[in-house]
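Peer 1:
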Amino acid sequence: MSIKRLIFYTLVLGSSFLISCFSGIEPLPSKINDLSISMSVPVGTGEFTINSAYFVGLPNINLPENVPEWAKHDTIFFTDTVPVDLSKIYEKSTTITTLAFKINVWNEYPAGCAVQVKFTNTAGDTLYSFWNNKPLMIPKGDIFATGKIFRPSYKGSVVTFDKSQIETLRTAENLIFLIKVGLTSTPTWSISYFSNYKFTCQVGARVDFVLNNL
Numbered sequence: 309m310s311i312k313r314l315i316f317y318t319l320v321l322g323s324s325f326l327i328s329c330f331s332g333i334e335p336l337p338s339k340i341n342d343l344s345i346s347m348s349v350p351v352g353t354g355e356f357t358i359n360s361a362y363f364v365g366l367p368n369i370n371l372p373e374n375v376p377e378w379a380k381h382d383t384i385f386f387t388d389t390v391p392v393d394l395s396k397i398y399e400k401s402t403t404i405t406t407l408a409f410k411i412n413v414w415n416e417y418p419a420g421c422a423v424q425v426k427f428t429n430t431a432g433d434t435l436y437s438f439w440n441n442k443p444l445m446i447p448k449g450d451i452f453a454t455g456k457i458f459r460p461s462y463k464g465s466v467v468t469f470d471k472s473q474i475e476t477l478r479t480a481e482n483l484i485f486l487i488k489v490g491l492t493s494t495p496t497w498s499i500s501y502f503s504n505y506k507f508t509c510q511v512g513a514r515v516d517f518v519l520n521n522l
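In terms of our numbering, the sequence shown opens at residue 309 and continues consecutively.
1) Please identify the residue among Ile-397, Asp-382, Trp-378, Tyr-501 whose C-alpha is closest to the C-alpha of Ile-345.
2) Helix, strand or coil for Lys-471? Go by DSSP, reduced to three states.
3) Can you confirm whether the stretch 463-479 touches the stretch 365-374 when touching is taken to mean that 3 or more C-beta pairs between the two stretches lie within less than 8 Å?
4) Are there three or more Cβ pairs, one per stretch, closer than 8 Å when the stretch 401-419 is compared with the stretch 492-504?
5) Check Ile-397 in the structure and name its three-state DSSP category.
6) Can we say the stretch 385-392 touches the stretch 477-485, given the rule of at least three CB pairs closer than 8 Å?
7) If you drop the 5 nearest sequence neighbours on each side, which residues of the same chain put their C-beta closer than 7 Å to that of Pro-337?
8) Return the CA-CA distance between Lys-442 and Val-423, expressed in angstroms with no decimal places.
9) Going by DSSP, which residues form a beta bridge with Ser-465?
10) Using the Cα positions of Thr-434 and Phe-427, report the straight-line distance between them to the nearest angstrom.
11) Decide if Tyr-462 is buried, meaning its Cβ has at least 16 other Cβ atoms within 10 Å, or exposed.
12) Run through the stretch 425-468 for me and flag every whole beta strand (DSSP E) of 3 or more residues, listed as ranges in chain order.
Here it is in structure tokens:
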């Protein structure tokens with residue numbers, strides 16, 4: 309059963325007992341118009357382990373030969389592309405009144421990182437880049453001397469679109485995560501434990517919109 313029909317049955321058919329209790333009220337309309345709906349929806353999640361890390365250029369940190377190749381670079385990178393489908397939100401609405409995104413990032417690594425998140429279309433064109441195309445800085449996570457995780461770091465950000473931006477994402481097809489990690493200040497002893505850690509990036513949306521002609 310569609311949400312429109314369910315709401316109609318609930319409000320119209322289920323209201324007969326109320327009418328018998330209250331006299332003099334106006335008759336219910338035959339059609340319900342302009343129903344405001346608010347909902348929260350998951351958009352996309354990316355998880356990154358050291359196996360998916362990559363680096364650019366030649367090694368520039370002097371470390372023993374028995375360490376992984378990525379550890380010899382002062383900066384490593386992670387990236388992931390997550391398919392998204394926002395079209396259903398737009399199709400159900402005549403007017404979107406509020407569109408806001410919550411970005412959550414958890415970092416288990418003992419190294420700080422910079423995170424960028426953006427939406428692209430099928431051609432790979434950037435439709436919107438969060439934080440004005442600047443990265444969100446995430447502090448390092450805390451680990452014990454045994455390498456076990458003590459406390460992941462966390463940072464959240466809420467980005468609310470203005471009315472002129474709402475239509476921007478109608479053709480969005482992908483959510484791109486880009487992570488840049490600096491290793492210069494990372495303790496050498498912790499490198500052997502990096503395979504135990506991960507980054508988690510989570511994006512959700514809050515949407516307020518109007519349904520017409522129920």
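No residue lacks a Cβ here, since even glycine has one placed at the ideal position from N, Cα and C.
Peer 2: Let me spell this out:
1) Ile-397
2) helix
3) no
4) Contact between the stretch 401-419 and the stretch 492-504 is present, because at least three Cβ pairs lie under 8 Å.
5) Three-state DSSP puts Ile-397 in a helix.
6) At 8 Å Cβ cutoff, the stretches touch.
7) Low confidence applies here, because Pro-337 scores a pLDDT of 44, under 50, leaving its location unreliable; read the following figure in that light. Nothing meets the Cβ criterion.
8) Rounded to the nearest angstrom, the two C-alpha atoms are 9 Å apart.
9) For Ser-465, the beta-bridge partners assigned by DSSP are Ile-411.
10) Cα to Cα, Thr-434 sits roughly 6 Å from Phe-427.
11) The residue is exposed, with fewer than 16 neighbouring Cβ atoms inside 10 Å.
12) 434-437, 444-446, 457-459, 461-468
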